[in-house]
Each structure stands twice: as structure tokens, then as C-alpha cells.
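**Student:** Below: one structure in C-alpha cells.
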Ligand code: HEM
């Protein structure tokens, strides 16, 4: 049968997910050897049980087996996972994230100052995607003018991650390109980290370059992995969320109107966008022992794909799950995962999305996506997001 990687299915995976939840809650993919599950309860049971399901050992082929790269925190289990997470956890705590409000606000205003007078813009390219790259660049402490490099690196690495998972044309050029990006990132960050060792500043690079309060420090390779993870995890997904919000509010003008009248409901609307079009569609776990999952035996050592994007549309958990409703309550979506690997950046994402949407609604009388039917979604099965978003902004 066709699988969730099929390019036609990726264009709109939701009917496929609905069928899978109903009739094939467990699918074995012969070509890749992976297994997929789609129901909310099945996925939650895996994510919560870290002693039965590992992140360590879940490696997407090719680059992750590169001898130069150690695993990052996403592909580690406790206790090593907590050690790595501990290096950046405090930076994403509510009290720290709250202090970023002013900085995010001024970046959003600047991006909208450029976009709004133009009337018709590619919103993904001019606002949604630059915003999280500039924000994470400023948290890290990379020079302002370098954010486009971060974006290019994140784009290339994300594309390759998806292609490797789907085992699409393992092609040497793409592999070489990925290695080149890793080398460039390595050189770039090594120079900045060296600077920060001599002269620490008030930024995340300085924190990472120097020993933490417990006297522990990341080695050079762990540092590179940590920085790659931060850049990759924070950029495409957050830009995707803001783009998805603009798409849904354009498809549902009544709900756009409601939010203009009731800006206090914007946080709830953001949760609904996260549920309805989850920017991160999937994650993976490896069976530490034999399990029965969706009435199927999964042997120890097998990798299972958990389709978060499907879980968040499960009718058994979300009434009228296929409807976008920004007044939805009891929204227990798992767009940020659940359990020990719960997204470290969730608070930052919510802050960025809130400020972006609130400011866009305040500064325009309306916005609508042009040619909805022509929108191109990211080809990677990891994501549900557009990289181009033609929009008309009515100032
Ligand atoms: C809409 C935006 C985002 C979405 C949908 C998202 C989604 C996720 C998901 C689903 C996971 C868990 C994966 C798993 O359990 O295997 C995760 C982990 C993670 N996310 Fe996010 N993320 C977003 C933005 C961010 C941002 C802005 C950062 C900023 C640094 C970030 C950093 C991380 C990190 C470091 C992890 C790994 C946590 C761990 O392994 O303990 N993410 N994210």
C-alpha cells in the first residue's frame, strides 16, 4: 500500500492518516524496514515509556553514522540525555524566555515594516522564517549579519534529514553538500566559541563555551552537535507554525475576524494551529524490548515512526478533530512531543508566534493567502509547513 512518505500523500496527509487510524493503525514499510503508528493513545504510550522505548540508537542512516559526530540530546536516553539537556535548559525556562519579549517584538516590527507597505509579499520568506532565525541568532550571540547563513544551513540539513529518512536517492552530491555544511558550521562556531572563551558575553555561546555551574563542559564535537540541534530544531518549525497560522486564518476569515475582536484568544488559536497542522509531523523511537503495539508485535531493536500530525487529529481525543477551531478548549495536542524529550523551545515558540500574530492582526485590516490551492508544502515527511507563502496584506 502507499505509505506516508509518498509525495502525493505528503501534499495532504490527513485523509491518509484518518484511514490509517481507522483501518491500519500499524504499518510496516517494506522498503525502509520502519514501522509506523498513527493513533494518539498508541503514540503517547510509546513517548511516555522511555525505559521501554529508546531514543538512543534511533539513527537516520548515513550522516548520523559519521564517525565525527556524537549523538545529540534528541538521540540520547537518561542519564546522558539529562546531562546534555542541562547545558541549555535554563536558557529556555519561562523566566528567561519572558525577558525576550521586547527583543522579539522589535524584530517582528522591523520585518513587518518592510513587508506591510508592499501589500503582496512572500510571507514565509519575509517574516515567518526570518523571525525565528534572527531570534535564535540573537540568543546564541551570532553577529546580526550572519542570520542568513544560519537559515541556509538549517534549510540544507532539514532537507537532507527528510530525504535520508525516506531513503530517497542516496546521492553523493547531496551527501557531500551536507558534509560541507557541517564543516562550515564547525569552522564558524569554533571561531565564535574561541572568542567567547577569552571574552564571555551575555549570550548562549558564552554559556556553552565555558564550564557550567557544576564544572561540566561539552567537548568540541558535542558543542557542534548542540549548536546544530538548536539551529535546526528552532528555525523551520517555528517559521512553519507562523506560516500555518496565516494559512488557517486566511482559510477561515470568520476566525481571523474573531481574533481581531478578541486578541486575548490568540494563545488558544496558536495551540489550535499546532494541533491542526503540526509543523513537526513525526518522531522516532526504538524498542528496547518486545512490545505489543496496536495489536502487533514489535521486536526489540526495531524502529517505529510516531506520526504526531496524525495523533493530533485523532477523533477519539479531539471532538470534530478535522475542524480548525481557534476557540477549542481541552486541547491536549502533542505537537511538542511528551515525556523527557518534550520540546525545550516550546515557550520560546509560543512567545514568537504570539507576538508575530498579535502584531500582524494589529497592523493590518486583513490578510489572505493568494492561490491556496497552489501552496507547496515542504517535501520532508518530518514537517508540515510551506517555504513560500504569497499573501496579500491589507494595511
Ligand atoms: C513550532 C516549533 C517547534 C515544534 C513543533 C517543535 C517540536 C518538537 C518535538 C515534537 C520535539 C520532541 C521530539 C521527540 O520527542 O523525539 C522537540 C524537541 C526539541 N526541541 Fe522543539 N519544536 C519547535 C521549536 C523549537 C525551538 C524554537 C527550539 C529552540 C531551541 C527547540 C528545541 C528543541 C530541542 C533542544 C529538543 C530536544 C529536547 C530533548 O531531546 O530533550 N524546538 N521539538
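In my numbering, the protein residues as written are -15 to 379.
For every residue, glycine included, the Cβ atom is placed at its ideal position computed from N, Cα and C.
Because the structure is a prediction, the values reported are computed rather than measured.
#1: The ligand HEM and residue 324: does any heavy atom of the ligand fall closer than 7 Å to the residue's C-beta?
#2: If you reduce the DSSP assignment to three classes, tell me which class residue 2 lands in.
#3: Let me know the secondary structure DSSP gives residue -8 once reduced to three states.
#4: CA-CA distance, residue 4 and residue 297?
#5: Less than 8 Å between the beta carbons of residue 264 and residue 292, yes or no?
#6: Curious, which full-length alpha helix (DSSP H) runs of at least 4 residues does the segment 321 to 370 contain?
#7: Regarding residue 348 and the ligand HEM, is the C-beta to nearest heavy atom distance less than 7 Å?
#8: Anyone know if the C-beta pair for residue -2 and residue 22 falls short of 8 Å?
#9: Closer than 7 Å by C-beta to residue 80: which residues in its own chain qualify, once you throw out the five before and the five after it? Chain order, please.
#10: Quick one, which of 56, -7 and 86 has its alpha-carbon nearest residue 403's?
#11: Residue ranges of each alpha helix (DSSP H) run of no fewer than 4 residues wholly in the segment 103 to 143, ordered along the chain?
#12: Skipping 5 residues on each side, what residues in its chain have a beta carbon closer than 7 Å to that of residue 118?
#13: Just reading off the alpha helix (DSSP H) that residue 96 is part of, what are its end residues?
#14: Less than 8 Å between the beta carbons of residue 95 and residue 110, yes or no?
#15: Do residue 180 and residue 166 have their CB atoms nearer than 8 Å?
#16: DSSP three-state call for residue 48: helix, strand or coil?
#17: Can you tell me whether residue 49 is buried or exposed? The criterion is at least 16 other CB atoms within 10 Å of its CB, across all chains shown.
#18: Let me confirm a value: residue 35 is counted as buried when at least 16 other C-beta atoms fall within 10 Å, else exposed. Which label applies?
#19: Report yes if the C-beta of residue 319 is less than 7 Å from at least one heavy atom of the ligand HEM; otherwise report no.
**Tutor:** On the basis of the supplied data:
#1: Locating residue 324 in the chain shown gives position 340, counting from the first residue. Yes, since a heavy atom of the ligand HEM falls inside the 7 Å radius drawn around the Cβ of residue 324.
#2: For the purposes of this step, residue 2 is taken as residue 18 along the chain shown, with counting starting at 1. If DSSP states are grouped into helix, strand and coil, residue 2 belongs with the helices.
#3: Counted from its first residue, the chain shown places residue -8 at position 8. Taken through DSSP and simplified to helix, strand or coil, residue -8 comes out as helix.
#4: For the purposes of this step, residue 4 is identified with residue 20 of the chain shown, where counting begins at 1. For the purposes of this step, residue 297 is identified with residue 313 of the chain shown, where counting begins at 1. Roughly 12 Å between the two C-alpha positions.
#5: Residue 264 sits at position 280 when you count from the first residue of the chain shown. Residue 292 sits at position 308 when you count from the first residue of the chain shown. Their beta carbons are under 8 Å apart, which means residue 264 touches residue 292 by this criterion.
#6: Runs found: 330 to 347.
#7: As a first step, residue 348 is located in the chain shown; it is residue number 364 there, counting from the start. False, no ligand heavy atom lies under 7 Å from that Cβ.
#8: What you label residue -2 is simply residue 14 of the chain shown in a count that begins at 1. What you label residue 22 is simply residue 38 of the chain shown in a count that begins at 1. Inclusion of residue -2 and residue 22 in the CB contact set at 8 Å is not warranted, their separation being larger than that value.
#9: In the chain shown, residue 80 corresponds to position 96, counting from 1. Within the same chain, 74 come within 7 Å of residue 80 by CB-CB distance, once the 5 residues on both sides are set aside.
#10: There is simply no residue 403 to check, as the chain begins at -15 and stops at 379 in what is shown.
#11: Entirely contained in the segment 103 to 143, the alpha helix (DSSP H) runs reaching 4 residues are, in chain order, 114 to 124.
#12: Within the chain shown, the letter at position 134 stands for residue 118. 91 and 131.
#13: Along the chain shown, read from residue 1 onward, the residue named residue 96 stands at position 112. According to the DSSP assignment, residue 96 belongs to the alpha helix (DSSP H) that extends over 85 to 99.
#14: Start at 1 with the first residue of the chain shown, and residue 95 comes out as number 111. Start at 1 with the first residue of the chain shown, and residue 110 comes out as number 126. Cβ atoms of residue 95 and residue 110: closer than 8 Å.
#15: As a working note, residue 180 is residue 196 in the chain shown. As a working note, residue 166 is residue 182 in the chain shown. With contacts defined by Cβ atoms closer than 8 Å, residue 180 and residue 166 do not form a contacting pair.
#16: The count along the chain shown starts at 1 and reaches residue 48 at position 64. With a pLDDT of 43 at residue 48, under the threshold of 50, the modelled position of this residue cannot be trusted; read the value that follows with caution. Note: residue 48 maps to helix in three-state DSSP.
#17: Translated into the one-based positions of the chain shown, residue 49 becomes position 65. Model confidence at residue 49 stands at a pLDDT of 44, short of 50, so the residue's coordinates are unreliable; what they give is reported in the following sentence. Its Cβ having fewer than 16 others within 10 Å, residue 49 is exposed.
#18: Along the chain shown, read from residue 1 onward, the residue named residue 35 stands at position 51. Exposed, since its Cβ has fewer than 16 Cβ neighbours within 10 Å.
#19: One-based indexing of the chain shown puts residue 319 at position 335. Set against 7 Å, the gap from the CB of residue 319 to the closest heavy atom of the ligand HEM is smaller.
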